[in-house]
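Okay, structure first, notes after.
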Amino acid sequence: MARLLSTGITSLDGYVADADGGFGWAAPDPEVHAFVNDLERPIGTYLLGRRLYEVMSAWEDVEAFPRVSEVERDYAQVWQDADEVV
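Under my numbering, residues 48 to 133 are what the sequence shown spells out, in order.
Below, the structure is given as structure tokens:
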């Protein structure tokens, strides 16, 4: 039987975006990013809403990012290896 893992990123007061609609406050440092990569590596399928998929689909072409770290390249591979259901 498959497991269902649900994750979400919010501030302590329950918001996802800041007052200007930005999400930069949630950018992880490299150590946290590597931890999340390892947490998500075994995931076979992501179940996403349309808006989140549109944001996350940027990981399909990570080379389009201005500067790409190794931990970001690793996450892009994790994302690309999984199926996405929208």
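A virtual CB, placed ideally from N, CA and C, is assigned to each residue, including glycine.
Of the choices the options, whose alpha-carbon is the least far from that of residue i?
{"i": "valine 83", "options": "Tyr100, Glu119, Arg97", "result": "Glu119"}
{"i": "isoleucine 56", "options": "Glu131, Ser104, Glu101, Asp65", "result": "Asp65"}
{"i": "threonine 92", "options": "Ala74, Leu99, Arg98, Glu131", "result": "Glu131"}
How about residue i and residue j: are their beta carbons less than 8 Å apart?
{"i": "serine 116", "j": "proline 77", "result": "yes"}
{"i": "leucine 95", "j": "methionine 103", "result": "yes"}
With residue i and residue j assumed to form a contact (beta carbons below 8 Å), what rounded beta-carbon distance in angstroms separates them?
{"i": "phenylalanine 70", "j": "valine 79", "result": "Going by Cβ atoms, the distance from phenylalanine 70 to valine 79 rounds to 15 Å, so no, they are not a contact pair."}
Are three or more beta carbon pairs between the region 123 to 131 and the region 87 to 97 nearer than 8 Å?
Output reads yes: the region 87 to 97 touches the region 123 to 131.
Could you tell me which uninterrupted beta strand (DSSP E) segments, each at least 3 residues in length, are contained entirely in the region 57 to 118, listed from first to last along the chain?
If only uninterrupted beta strand (DSSP E) runs of at least 3 residues are considered, those enclosed by the region 57 to 118 are 92 to 94.
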